[in-house]
Every structure is written in C-alpha cells, then in structure tokens.
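These notes concern the structure reproduced below.
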Amino acid sequence: MGLRIAGHIERLNGKELTYQEFVERYLRKNQPVVLTGLMDDWRACKDWVTRDGRPNLPFFAAHFGKSRVQVADCGTREFTDQKRVEMSVSEFAEHWLMGWKPEESEIPTSDRPPVLYLKDWHFVKDYPDYVAYTTPVFFRDDWLNLYLDCYRMHMDPEMYQETDDISCSDYRFVYMGAKGSWTPLHADVFRSCSWSANVCGKKQWLFLSPSQCDLVFDRNMKNCVYDIFSDASEMTFPGFKETIWTECIQEENEIIFVPSGWYHQVQNLEDTISINHNWFNAHNLSWIWDLLSKDYDDAKEYIEDIRDICDDFEGLCQRNLAANTGMNFYDFLIFITRFALAYMGQLYYLLRGDDDTIQHSSLTVQQLALNLASIRKVATKMKDAEGFQKHRDILDTEETLSDPKFSELSIKIGNAYRMMLEPSPLSYYTAKACVDVLGDFDFLKSWSPVCTPGDLVSCIDDAVENLNRIGSKNNIHLGELV
Ligand SMILES: O=C(O)CCC(=O)C(=O)O
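Just so we're aligned: the sequence shown equals residues 1 to 482 in the UniProt record's numbering.
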C-alpha cells in the first residue's frame, strides 16, 4: 500500500520574512517551512559545487581530506539506524568518484556496491576559520550549540570521552551523499528542531506531525518503523495505515525548517550536500524535558529487576539516561540554570538603564522575559519528577558567575540577540557588561547553590521581583511576561 500524502509545506523567500514573523508563524506553531534566498553569499555554495551543480569532491579531498568522518552504509541496518564506519573524507570522496551507480539495475542488489552517506560531520568544529556559511537569523537563538561552544553537556568523568559525539560536541553538521542515499525514519535528537540547507542536489522529505507519531510504533510503543517504504507491516505496526504524510521536495539553495517532534524520512534524489543544525530555545524547551522524562522512565524500567541489588539505583538510571539520550536530569537542570542566570544578567543590565539603552530594548526585554518564563515553566514540571536526589549540589551560582565559560556563554547569547532583534541595545560591550553586573545583583548570593528544580523556580521568582523593582523606575514590569 502506498503512503497517504496530503498537505504541503509553505515555501517563501526568507529575505522577505522578519524574525518575529518566523517565530509567530512557524517556530511557535511548530510548523515546517521552506525558506529560499538565504544562501546567496555562502562560500559553501561556491567552493563545494562544480559548474554543473554537482558536489565538488576533488575540492573536499584537497582541502578537508584528512578529516575523519562517520559514513553510513545505506543498505545495512544496525538497531534504529544504518551501520556506520569511520573513514577519511579523502577515502569517502574516492569511493564516490569510483562511481556507485544505484540505478544500474541489471546488477543484482546483493552485488551492488553500498550507497554510502557521510553524516553528522562536525564541519564547523573541524574548520572554524573556513566560514562555509552563516546561520540565518531565524535559527540563531540556538541554546544547544551556544551552550556546547562553552560547556560539555554531560560531565561524568567515567563516561567522558573526547570523541563521544552525543555529549561533548556540537550539533552543526555537513551531510554528503550520492543519489539513493537516505536517512531512516526518526525524530531529532533531544526532540530538538533542525534546519537543513541544500548546498547542491535535491531531497525528498516525508514528515509526520507529532499528533500522529504514536502510529509509527509497534504495539508496545518500543520500536519505530525504520523505512516507511518497505518496513511497515500491519502485523507489527498496526497504526501505520492511518498515517498521513506531508511531502516536500527540497531543491538546491533551499533551507527547510524541521520543527520539534516531527518524524521524518529523507531520500537524496540527486547527489546532494547539505548543512544542518539541531537546536532548541524557549519555544520548544518543554519538548526536551518531556523526552528526558520519558527516556528516564524507559531507563528505569529496563533495569527494574536489579533495583534490590543495586547500591545506587537512581544514580545508575541517570548514568544510563546520559549514555542513551546524551544528557540526564542533572545535566538539563544545570543547562537551564546557566541560561536563566545569563538572562537575569541581561535583564538586570537593561532594566537598570545605566545608559540610554533601555529606550531601544523593549523587544529584547520581552524576549529575555519569555526565556525566563519558559525555563520557569519547565523547572516547575521537573519539580514533580521522580529521580532527583535532593542532596546534590547542582550548581553553585557564585562560582558560575565568576567562571570565564559563563562569561563566554553570556556574550555569545548577547551577540545572537543583537543580530536577531535589531535594533538591539546589546552590543558586544553591553553583552560583556551584562555578565559583570551580575556580581552586583545581590539577591543571587542567597541562591548558591541551586540544588533542585524547585530552587530554580524560586530563584527565578525572586529575580523577577527584584528586576521589577529595578525596572519600575522605567515603568517596565516583567510580571505578566514571566
Ligand atoms: O538529510 C538527511 O539525510 C537527514 C537530515 C535529518 O534527518 C535532519 O536534519 O534531521
């Protein structure tokens, strides 16, 4: 039975869209969109593409050939993904140039060379000085990558490995694959959203909205369909026949926004290079917590039968959660607490109104207040979660404020907002000042350390009260916002 495909994805010129419009129409509503016109100046679109619009593989081999990358063999399956091997970019380019021709159908499938797909190449980390592209303004409020540029997501020394992609690197990737390469059905890591830009080639995307996602799981809600074109037997996946898919054919120089929690399968219809980032922010933070909470329940259920012989059952659940999902409850609480502190600093700076910045900052104040509100909402949900051990010191706020990594994070956040919310009062220097003023924000001293989600909620409430007092001289109240 064929797939039922209905609906379409809007396509519009990104140059004619404001950041606020993108937020209102797509990010807040969690709806996909294709944006054109945003890649004109990208170096990637010149250097990486031949005159006839194909991947310039010799260029990759010559300039980035030594990079070690993950390459999926699209014909094999390993659990929920394709089997991957590591090789150098030169080796990958060499294989490709030797010519896999999946369309040569006279060769029996079993004898054809595998279609290889280079995936999840941390290109920006590998080549920070080669500016292949600039992240469009719509995707700059990216808490995930801003954070990972300064901190590790998970700090357990027993688990930490330099090469451990899931916990210590960024989520900015390059993908390269010949016609016929593909990505199995999945929703994105952490239930983040993503954007994916086609530097050359053409992709077919098939999307399932979050309201239908249960339908691609088996009766136990454990296993998900792998390949929607071949793997969805009615016996195993009884709900699959009810699914209604949205198809999008993405052309060269188009960027697709993939919202949180939308399952998708992707097929390269031509030889394709794409750049994609996973990201999240205030608008989809609760998706991340909901996934962590569900994955924690699964991790716990999985080892329930050894609970009685386990010295630290909860600790083991959290370690397994970090290993499987990429972070655990404590990592996430530390993550949102650091962001909350950074936003408090920026609000404190703006509301104090030391200079005339306050006159230009209502949009920024609104955004920062919305960020705090979103963190508070998630921390409130977290209060009810099993699995937090109350005695642990999660985050020493005083130590955080004097940590150079925290200054770096605050400055990066300030710079991102400066670009997104023009005209913005946050110049580089004010972003730096936002960190420095936190030292004067005396009430914070009573919040060292933050130990539980409840502490974070109370800390935000106290901050808002203090900020309102400070802002009242400029008639600014955060009350309704947070
Ligand atoms: O381009 C692909 O093959 C997959 C990309 C993807 O699934 C994503 O960005 O989430």
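Quick reminder that beta carbons are idealized off the backbone N, C-alpha and C, glycines included.
No experiment lies behind these values; they were computed from the predicted model shown.
Same chain only: Cβ atoms within 8 Å of residue i, ignoring 5 sequence neighbours per side
i, result
"residue 207", "9, 32, 245, 246, 247, 248, 258, 262, 263 and 264"
"residue 385", "293, 296, 329 and 453"
"residue 76", "82, 83 and 114"
"residue 74", "82, 114, 115, 116, 117, 177, 180, 181 and 182"
Where residue i sits in the DSSP three-state scheme
i, result
"residue 203", "strand"
"residue 397", "helix"
"residue 88", "strand"
"residue 117", "strand"
"residue 176", "strand"
"residue 310", "coil"
"residue 270", "coil"
"residue 262", "coil"
"residue 187", "coil"
"residue 217", "strand"
"residue 488", "Residue 488 cannot be examined here, being either before or after the span of the chain that is shown, 1 to 482."
"residue 244", "coil"
"residue 257", "strand"
"residue 75", "strand"
"residue 366", "helix"
"residue 227", "coil"
"residue 83", "strand"
Contact set for residue i: own chain, Cβ-Cβ below 7 Å, skip 5 residues either direction
i, result
"residue 349", "430, 433, 434 and 437"
"residue 144", "171, 192, 278, 279 and 280"
"residue 68", "86 and 88"
Cβ neighbours of residue i in the same chain (closer than 6 Å, five flanking residues each side left out)
i, result
"residue 484", "Lying before the first or after the last residue shown, residue 484 is absent from the chain, which here runs from 1 to 482."
"residue 317", "299 and 300"
"residue 11", "34"
"residue 123", "174"
"residue 167", "With a pLDDT of only 46 at residue 167, under the threshold of 50, the placement of this residue in the model should not be trusted; the figure read from the coordinates follows. The residues are 153, 154 and 326."
Residue i versus residue j - alpha carbon distance
i, j, result
"residue 98", "residue 91", "11 Å"
"residue 450", "residue 376", "14 Å"
"residue 493", "residue 174", "Any question about residue 493 goes unanswered here, given that the chain covers just 1 to 482."
"residue 343", "residue 188", "26 Å"
"residue 445", "residue 339", "17 Å"
"residue 322", "residue 154", "7 Å"
"residue 285", "residue 65", "37 Å"
"residue 325", "residue 319", "10 Å"
"residue 463", "residue 345", "10 Å"
"residue 276", "residue 130", "17 Å"
"residue 471", "residue 255", "40 Å"
"residue 195", "residue 169", "18 Å"
"residue 473", "residue 465", "14 Å"
Whole-angstrom C-beta distance between residue j and residue i, which should lie under 8 Å
i, j, result
"residue 412", "residue 149", "6 Å"
"residue 226", "residue 184", "5 Å"
"residue 364", "residue 456", "Their Cβ separation, rounded to whole angstroms, is 22 Å, which puts residue 364 and residue 456 out of contact at 8 Å."
"residue 215", "residue 240", "6 Å"
"residue 283", "residue 27", "5 Å"
"residue 400", "residue 341", "6 Å"
"residue 288", "residue 217", "Contact flag wrong, Cβ pair sits at about 20 Å."
Check your understanding: Can we say the region 130 to 141 touches the region 13 to 23, given the rule of at least three CB pairs closer than 8 Å?
Key -> At 8 Å Cβ cutoff, the stretches touch.
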